[in-house]
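The next block holds one structure in the form of structure tokens; read it before the comments.
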Amino acid sequence: MRELNVVISGFDHYDGIAVNPAREVPAAIVEQGIGGGEGPDDLLGEVEVHVHAVSLPVSFAKAWPTLLETIDAVHPHIVIATGLKRSARSVLLERCATNLMDAAKPDADNVIPRREPIDPSGPAAYWTRLPLRSILKDFTDDSIPASLSSDAGTFVCNSLFYSLLNWTSAQDRVLSGFVSFPPVIPAHSGQHGLALHGLTLEQQIAAGRDVVRETVRYYLKPTSSDILIA
């Protein structure tokens, strides 16, 4: 049976966040697997998927080198980076990584870059390599609120995303992209009259598994109908 390696990254501690989906979701996918492959026509039944999770520091200088260490050790076919977007109300599929660092707050190293390029000799932006259309369809089927996001901002998430796509552009055949998770809300929070925005951890884990499954399917059989950028 064919084997595929997948790396899914998240981030370490965020200030003021008790439950960090960008840490919990990758760990849960490693523990639970990605599911699928039950139907006779499901491509997932033809492949064994090995998922490796890594947590990264919220650091402009250290996030990408830490992820690259895992990439060099695993030699993945797919790399999915994840982060937390505090203002989000749903899962956000990031379309574009821009060549810009512009922080309004310090990172974990107390660094605050202002209007600096990530790579002075690099292109202005890169597009994601994930099959966004098929991922969104899975989200709809699983009743997971989600939308497309133009970019991942200008903080560490975007810097990591840009460096990842820059590396991907030099590979023969690797798919990669970035997913932003919203804050985690307690299950059944609506029953208590709480006005919270975000999704339960269970929904976010299901979303992460959908992203991996659909990206694996696309890797095995790429079609233009799976792609949605704009």
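Heads up: the sequence shown is residues 28 to 257, going by the numbering used here.
Ideal placement from N, C-alpha and C gives every residue a C-beta, glycine not left out.
- In this structure, the beta-carbon distance from P209 to V118 falls below 8 angstroms.
- Nearest C-alpha to R156 among M128, N193, A135: N193.
- Note on T250: under 16 other CB atoms within 10 angstroms of its CB, so exposed under the neighbour-count rule.
- Sorting L191, E229, N126 by C-alpha distance to the C-alpha of T97 places L191 at the top.
- Scanning its chain for C-beta atoms nearer than 6 angstroms, with the 5 sequence neighbours on each side dropped, one finds around R29 the residues V74, in chain order.
- Non-local beta-carbon contacts of R142 in its own chain, meaning distances under 6 angstroms to residues more than five positions away in sequence, involve D129 in chain order.
- The beta strand (DSSP E) runs of length 3 or more contained entirely in the segment 187 to 257 are, from start to end of the chain, 202 to 208.
- Residue burial annotation: G235 is buried, with at least 16 other C-beta atoms found within 10 angstroms of its C-beta.
- Between E121 and D178, the gap from beta carbon to beta carbon is short of 8 angstroms.
- By the Cβ rule, the segment 57 to 70 does not count as touching the segment 95 to 113, because fewer than three pairs are nearer than 8 angstroms.
- Under the three-state reduction of DSSP output, F38 falls in the strand class.
- The residue from A197, A100, V76 with its alpha-carbon nearest to that of G149 is A197.
- Contact annotation: the segment 151 to 170 does not touch the segment 81 to 101, with fewer than three C-beta pairs closer than 8 angstroms.
- Within the same chain, L187, S190 come within 6 angstroms of W91 by CB-CB distance, once the 5 residues on both sides are set aside.
- N47 places its beta carbon less than 8 angstroms from that of H40.
- Counting along the chain, T109 sits inside the beta strand (DSSP E) bounded by residues 105 to 111.
- Here DSSP, grouped into helix, strand and coil, assigns R141 to coil.
- Taking the Cα positions, A55 is about 28 angstroms away from D136.
- The residue from A124, A233, G204, S174 with its alpha-carbon nearest to that of G180 is A124.
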